[in-house]
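Working notes, structure below.
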Amino acid sequence: MQSSSKLFPVALISAELRGDLTEDVYLLKPNNSPDPSVELALTRLGRAGHDGARGVPVVLLHGSFANRRVWYTTGGQGLGAWLARAGFDVWLAEMRGHGLSPRNRLYRDNRVADYARYDLPAIAAFVGEQCAAPAHWLGHAQGGLVLAAALGGGYLAAAQLASLTLCGSQISRLHGVLELPPLIWAARLLLRRREQVVAGWVGPGEGYEEEPAGMVRENLRWFGRFGEGRQDWAAGLVEVTIPVLALAGAADRSAPPAACRQLLERFGSPLREYLCLGRAEGFAEDYGRAAMLLGGNAHNEVWPLLEYWLRHQRLPERR
773 MQSSSKLFPV ALISAELRGD LTEDVYLLKP NNSPDPSVEL ALTRLGRAGH
823 DGARGVPVVL LHGSFANRRV WYTTGGQGLG AWLARAGFDV WLAEMRGHGL
873 SPRNRLYRDN RVADYARYDL PAIAAFVGEQ CAAPAHWLGH AQGGLVLAAA
923 LGGGYLAAAQ LASLTLCGSQ ISRLHGVLEL PPLIWAARLL LRRREQVVAG
973 WVGPGEGYEE EPAGMVRENL RWFGRFGEGR QDWAAGLVEV TIPVLALAGA
1023 ADRSAPPAAC RQLLERFGSP LREYLCLGRA EGFAEDYGRA AMLLGGNAHN
1073 EVWPLLEYWL RHQRLPERR
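The sequence shown begins at 773 in my numbering and counts up one residue at a time.
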């Protein structure tokens, strides 16, 4: 089968019409990491009948214990579908071993470092090959953390991004009782024998898909530091000058507003926007990490706000 890319092997594994949307699923085999078995699924959403008039590209990156369904439900809803219907060229990336991306040979040892160093650059290169303009990138929870690692580590060139949006992403605070060092050591010891961690292991409501044990071990190792070896990814963010928006959920205990704002302030961008999604700011509810994308009020309050940001690189005035 002929590759869909001149960069590395890419197969178009599905091309479907889903109501008013087109859904093309690509499988990338970049062969750029120590594990040659890695394949990455990338779903492109567009409006039916508008294939020749693709809009501004947007890449959406899911968080931990999740896949593309956080953006695009089986019923054809979600922020990804909303943006596609609004005329954007939407790309839904799924990290190795998640969703339609098959489990790689070294699945249990997958790390954020692998996503940042190998997978995101491959996805960015393919999207750049297919589109005429730099893409806006949006990461949810750990998806935003991976993007911060890729940019802070210099693995992803800022010129490849039109803007960055972080939804409930932070790098400075562990979840609940895991802030206690003895429990960190005990958890890391337990995870050495595991292949994966089931959804809900960290806490209730934490996603719906298994996560490689290596990802959780790595997050525990970062207690107080965000980087790998001698490389400090957090320090590298000062060199990143693209527009950045950070959304925090007022009711998010895993990524509290103060920690989300702290991550935003590490960026060197002259255009930085921050908004806490809560009643104090005039929203209908105090949003949690999942609710800011999937809650009953999200499609009325949060999705239009994100669409406005992508079009204008600023937040709309709130009444």
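Cβ atoms here follow ideal geometry from the backbone N, Cα and C, with glycine treated the same way.
| Item | Value |
| --- | --- |
| Is the distance from the Cβ of G926 to the Cβ of H834 below 7 Å? | no |
| Tell me whether W1081 sits in a helix, a strand or coil according to DSSP, three-state version. | helix |
| Which class does E982 belong to by DSSP, given the choice of helix, strand or coil? | coil |
| Thinking L832 and L910 are a contact (beta carbons under 8 Å), I'd like their distance in whole angstroms, please. | 5 Å |
| Over what stretch of residues does the beta strand (DSSP E) that includes C1048 continue unbroken? | 1044 to 1049 |
| Using a Cβ-Cβ cut-off of 8 Å (strictly less than) and excluding sequence neighbours within five positions of L1065, which residues of its own chain qualify? | V842, W843, G850, L851, H912, C939, V1074 |
| Within the continuous beta strand (DSSP E) that includes V828, where are the two ends? | Note, V828: premise wrong, no beta strand (DSSP E); not H, not E. |
| Measuring CB atoms only, is the segment 788 to 802 touching the segment 877 to 886, in the sense that at least three cross pairs come out at less than 8 Å? | no |
| What are the start and end residues of each continuous alpha helix (DSSP H) run of 4 or more residues lying completely inside the segment 868 to 928, in chain order? | 892 to 902, 914 to 924 |
| Would you give the residue range spanned by the alpha helix (DSSP H) that L1066 belongs to? | 1063 to 1066 |
| Excluding sequence positions up to five away, which residues of its chain have a Cβ less than 7 Å from the Cβ of R875? | G869 |
| With C-beta atoms as the reference, is S777 less than 7 Å away from E901? | yes |
| Could you pull the start and end residues of the beta strand (DSSP E) that G1021 belongs to? | 1016 to 1021 |
| Taking only three categories from DSSP, how would you classify Q1034? | helix |
| Assuming the contact rule is C-beta atoms closer than 8 Å, N839 and E866 should be a hit. Round their C-beta distance to whole Å, please. | 5 Å |
| Identify which residue in A929, L1017, N804 has its Cα closest to the Cα of Q942. | L1017 |
| Report the residue from G824, L1043, L799, F837 whose alpha carbon sits nearest the alpha carbon of M987. | F837 |
| With DSSP run on the structure shown, which of helix, strand or coil describes G1008? | helix |
| Tell me which residues share the same chain as D823 and place their Cβ nearer than 8 Å to its Cβ, disregarding the 5 neighbours each side in the sequence. | T794 |
| Select from R1061, G1060, E1045 the residue whose C-alpha is nearest the C-alpha of L1077. | E1045 |
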